[in-house]
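Everything in the sequence shown is counted per my numbering, starting at 73 for the first residue and increasing by one.
One structure is given below, encoded as structure tokens.
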Amino acid sequence: MLLPMNDKQFGFWKMRRNGSSNITIANLLGISRQAVSKALLTMDEKIESALRDMAHSNQIAIEKINAERGILLGQSIPFKTPAIIFVSDKHGMQVWYEHDGNCGTCQRYTECIELLWDYATELSIRIEKTADPTKMAEELFAKVKAMV
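If you want it as structure tokens, here you go:
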């Protein structure tokens, strides 16, 4: 399932994930709190369904889901390693496997650093600056797991 990331409901969901209450969202947009609540319930269902679909497609056994944050924690069956699936406003839905990377020789080095920084920023999580994406990921996802 693709997430409707340009949809109004997704906008409400992002606002709530960033700490806005339903009443604040309603007041900012000039709509009823009930309309916001209904839209958020619908979006939570869509996000949970998309997270579950992604887990199934990637053979990840689900351990925990937090649809309000857009996070799924699980275990990769084929790789026998912890995995996290998350929704990023900038990068869409992403799957990250816990691993010891050889980041210095990886072609995706810059992409990984940008993804991790962007996602930490989206969740207002502070992480240490380092040139090692593996260390950044360990710190970020330890903090994300504590949120779930």
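Virtual Cβ for every residue (Gly too), placed ideally from N, Cα, C.
As the structure is a prediction and not an experimental result, all values here were calculated from the model.
Could you name the residues that DSSP lists as bridge partners for residue 133? What you label residue 133 is simply residue 61 of the sequence shown in a count that begins at 1. Beta-bridge pairing links residue 133 to 147.
How would you call residue 205, buried or exposed, if buried means at least 16 neighbouring beta carbons within 10 angstroms? For the purposes of this step, residue 205 is taken as the residue at position 133 of the sequence shown. Classification of residue 205: buried, given that the 10 Å Cβ count is 16 or more.
Beta-carbon spacing of residue 211, residue 199 below 7 Å: The residue given as residue 211 occupies position 139 in the sequence shown. The residue given as residue 199 occupies position 127 in the sequence shown. Less than 7 Å separates the beta-carbon of residue 211 from that of residue 199.
Tell me whether the beta-carbon of residue 84 lies closer than 7 Å to the beta-carbon of residue 97. Indexing the sequence shown from 1 puts residue 84 at position 12. Indexing the sequence shown from 1 puts residue 97 at position 25. Yes, they are a contact pair.
Per the contact definition of three or more C-beta pairs closer than 8 Å, is the segment 103 to 117 in contact with the segment 186 to 197? no
Which two residues bound the contiguous alpha helix (DSSP H) that contains residue 165? As a position in the sequence shown, residue 165 is number 93, starting the count at 1. Element bounds for residue 165: not the alpha helix (DSSP H) but the beta strand (DSSP E), 164 to 169.
If you drop the 5 nearest sequence neighbours on each side, which residues of the same chain put their C-beta closer than 7 Å to that of residue 159? Counting from one through the sequence shown, the residue named residue 159 turns up at place 87. Correct list, in chain order: 75, 119, 142 and 165.
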